[in-house]
Amino acid sequence: MTVEFAMPGEQEDVVIVGAGVVGLTSALMLQRLGRSVVVIDPNPPGSGASYGNAGTIADFAIAPVGSPTLLKRLPSLVFDRQGPFSIRQGALLALLPWLAQFAWQSLPGRSENNMRAIAALTLDAGVRWQSLAADLEAQHLIQNKGCLYVFNGEAQYQAGRHDMRRRQAFGVKVELLNPGELAQLEPHLPQVEGGGAFFPDALSVSDPGHLVRLIAARAEADGVQILPESVVRLSAQKRHVVLQLGNGQRVTARQVVIAAGAHSKFLADQVGDLVPLETERGYHLEYDGESERVLRPVCAAESGFYMSPMAGRLRVAGTVELGGVKAPPTPERLAFLSQRMRDIFPDLKAASRSWLGFRPSMPDSRPVISESRVGRQIVYAFGHGHIGLTLAPMTASLVAALIQNTLPEISLNDYRADRF
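So, in structure tokens, the structure goes:
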């Protein structure tokens, strides 16, 4: 759409860079608080990671990626291109500084602190999303059937029990299931020797892309302007921020929110905030007409991927591959998902389509939600990793507090850009 910018010498009020679920939800909230908001993104609203995720509103997803258990396995995992955690060939050298931070954050005490910080953001995610969905008249897209982890063997189940006890200590509601109870919940899954962990309060989304497009439509109806352009440079002046767009246009704004996901580091660097943000390359496969294979999102715990029933299709999403936004898809990652699905459902036909997107990943798995080094002229809202969909409404509330200079719901010390 065409945006009518302010006259020369005038300023936009708030510009949000990024039309993903975090940026759009923040735009909707700020517009309703009386601010005038422009969202800038070269891609359509709700594309990227906001479209391609597993569709879980995961109030239970408080465990950071880095943990003492993973740290012990890290040297072997990074070279295993068929495992759940891998590094794209050729990217290892560039990733060494980030991996050093990641290893440090995986130590027992730090991992526990990271879990506490993530839990402070996630635990009421379901309530927030139900309220937002009602506002959007999108309740039909929100499913309330819980989410499930599956452990194939007894050893994996016992390790899972330990993980679930840690989550319960932070308020996560979880029910441990034996193989028989698991089979009752998911009758089409093959029998396992281990068991399951059921999160009864978790919600899921039957079409994440559609849901985010509804947020965009409501935001535009409320007065938010969405500009399909890229931001190539920005700089903070005394009373405003200047944004240089890819088409050569210059935009000035009183305040800017950087919510560009995996592409945010490029802009934060220009402000002088050298955040250790890296890119997780996320993959999914979709199988048309197979949505009834599972009744709710099911995570194959050892392999690190979800099987999520969606509108007319089954989406298989997950695993971690570090390696930037420029390289083409790694065939081994898609083959990994395809093979694991054939292991579970031998009669499953070939996938109908595949997808590669980019998750913004911090070494401690905490997002960056804070003012920048130049103050509240520039506010950050990125680095949500695997839980951007889950955290969008909460992040929007915290962004609004930063922009409005009001007291946030929780302390933001754990999410500062300069915490490293």
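Position one of the sequence shown corresponds to residue 799 (the working numbering), numbered consecutively onward.
We put the CB at the ideal spot given by N, CA and C, even for glycine.
Helix or strand or just coil, what does DSSP make of residue i?
i: Ser1208; result: First, the amino acid is wrong: residue 1208 is Ile here, not Ser. Residue state, collapsed to three classes: coil.
i: Gln1035; result: coil
i: Leu1112; result: strand
i: Gly994; result: strand
i: Met1105; result: strand
i: Pro862; result: coil
i: Glu1130; result: helix
i: Pro1158; result: strand
i: Arg1048; result: strand
i: Ala898; result: helix
i: Arg963; result: helix
i: Met805; result: The predicted position of Met805 is uncertain, since its pLDDT is 40 and thus under 50; a value taken from the coordinates is nonetheless stated next. Looking at Met805 - three-state DSSP - the assignment turns out to be coil, as it is neither helix nor strand.
i: Pro1218; result: According to the sequence shown, residue 1218 is Phe rather than Pro. Of the three classes helix, strand and coil, the one that applies to Phe1218 here is coil, per DSSP.
i: Met799; result: Low confidence applies here, because Met799 scores a pLDDT of 42, under 50, leaving its location unreliable; read the following figure in that light. If DSSP states are grouped into helix, strand and coil, Met799 belongs with coil.
i: Val1092; result: coil
i: Val819; result: helix
i: Thr1117; result: coil
i: Arg871; result: helix
i: Gln989; result: coil
i: Val970; result: coil
i: Val1123; result: coil
i: Asp1141; result: helix
i: Ser1163; result: coil
i: Leu1041; result: strand
i: Ser1028; result: coil
i: Ser1150; result: coil
i: Asp811; result: strand
Just to confirm the assignment, what range does the alpha helix (DSSP H) spanning residue i have?
i: Gly951; result: Per DSSP, Gly951 belongs to no alpha helix (DSSP H) and is neither H nor E.
i: Gly1007; result: 1006 to 1019
i: Ser909; result: 906 to 920
i: Val1073; result: Unbroken run through Val1073: none, as it is neither H nor E.
i: Leu1189; result: 1186 to 1202
i: Leu980; result: 977 to 983
i: Ser1168; result: No alpha helix (DSSP H) holds Ser1168; the beta strand (DSSP E) holding it covers 1166 to 1170.
i: Ser848; result: 847 to 850
Can you give me the Cβ contacts of residue i inside the same chain, cut-off strictly under 7 Å, excluding the 5 residues immediately before and after it?
i: Val1049; result: Phe803, Glu810, Val813, Leu1041, Leu1043
i: Arg959; result: Leu974
i: Ser904; result: Gly864, Ser865, Pro866, Leu868, Leu869
i: Thr1204; result: none
i: Leu828; result: Val812, Val835, Ala1198, Ile1201
i: Ala901; result: Leu869, Leu872
i: Phe1218; result: Gln899, Pro1074
i: His1184; result: Ala859, Arg1157
i: Gly993; result: Phe949, Tyr955, Leu974, Leu975, Asn976, Pro977, Leu980
I need the boundaries of the beta strand (DSSP E) containing residue i, first residue and last residue.
i: Ser1002; result: 1001 to 1003
i: His1082; result: 1076 to 1086
i: Leu831; result: Careful: Leu831 lies outside any beta strand (DSSP E) and carries neither H nor E.
i: Gly1173; result: 1173 to 1180
i: Ile1024; result: 1023 to 1025
i: Leu939; result: From DSSP, Leu939 is part of no beta strand (DSSP E); its letter is neither H nor E.
i: Ala1098; result: 1096 to 1098
i: Ser884; result: 883 to 885
Output needed for residue i: all residues of its chain with C-beta closer than 6 Å, excluding positions within five of it in sequence on either side, in chain order.
i: Thr1117; result: Pro882, Gly1102, Phe1103
i: Pro1127; result: Leu1154
i: Leu934; result: Leu1012, Arg1016
i: Leu930; result: Pro1191
i: Leu890; result: none
Out of the options, which has the shortest C-alpha to C-alpha gap to residue i?
i: Leu822; options: Gly1046, Ala1014, His1008, Ser1163; result: Ala1014
i: Arg833; options: Trp902, Leu1001, Ser824; result: Ser824
i: Ala1096; options: Leu894, Pro1107, Asp1086; result: According to the sequence shown, residue 1096 is Val rather than Ala. Of the listed residues, the one whose Cα sits closest to Val1096 is Pro1107.
i: Leu1083; options: Pro873, Leu1135, Ala918; result: Leu1135
i: Ser1152; options: Arg1111, Thr1188, Ala1179; result: Arg1111
i: Tyr1213; options: Met827, Asp839, Ala1099, Asn912; result: Asn912
i: Val815; options: Val1029, Val972, Ser1150; result: Val1029
i: Ser848; options: Gly1007, Asp1067, Leu1120, Lys1147; result: Gly1007
i: Ala995; options: Arg965, Val1022, Val1010, Val1003; result: Arg965
i: Tyr1178; options: Ala1066, Pro977, Leu1120; result: Ala1066
i: Ser1170; options: Arg886, Asp839, Glu984, Gln1053; result: Gln1053
i: Glu1088; options: Lys1147, Ala936, Ser874; result: Lys1147
i: Ala957; options: Pro985, Ala1099, Gly888, Leu921; result: Ala1099
Leaving aside the five residues before and after residue i along the sequence, list all residues of the same chain whose C-beta is less than 8 Å from its C-beta, in chain order.
i: Leu1210; result: Ile1167, Ser1168, Leu1196, Leu1200
i: Leu987; result: Val948, Leu980, Ala981, Val1092, Val1096, Ile1142
i: Gly1181; result: Ser1062, Val1073, Leu1075, Pro1158, Ser1159, Met1160, Arg1164, Pro1165, Val1166
i: Gly924; result: Ile855, Asp857, Asp999, Ala1000, Leu1001
i: His1038; result: Gln809, Thr1050, Ala1051, Arg1052, Gln1175
For a cutoff of 8 Å on Cβ pairs, would you count residue i as touching chain B?
i: Asn1045; result: Going by chain labels, chain B is absent from the structure shown, which holds only one protein chain.
Any heavy atom of the ligand HEM within a distance shorter than 7 Å of the CB on residue i?
i: Pro1144; result: The ligand HEM is not among the ligands present in this structure, which contains no ligands whatsoever.
Exercise. Taking three-plus beta-carbon pairs below 8 Å as touching, is the region 942 to 958 in contact with the region 991 to 1008?
Worked result: yes
Problem set entry | Inter-stretch contact at 8 Å, needing at least 3 Cβ pairs: the region 1065 to 1078 / the region 1086 to 1096 | no
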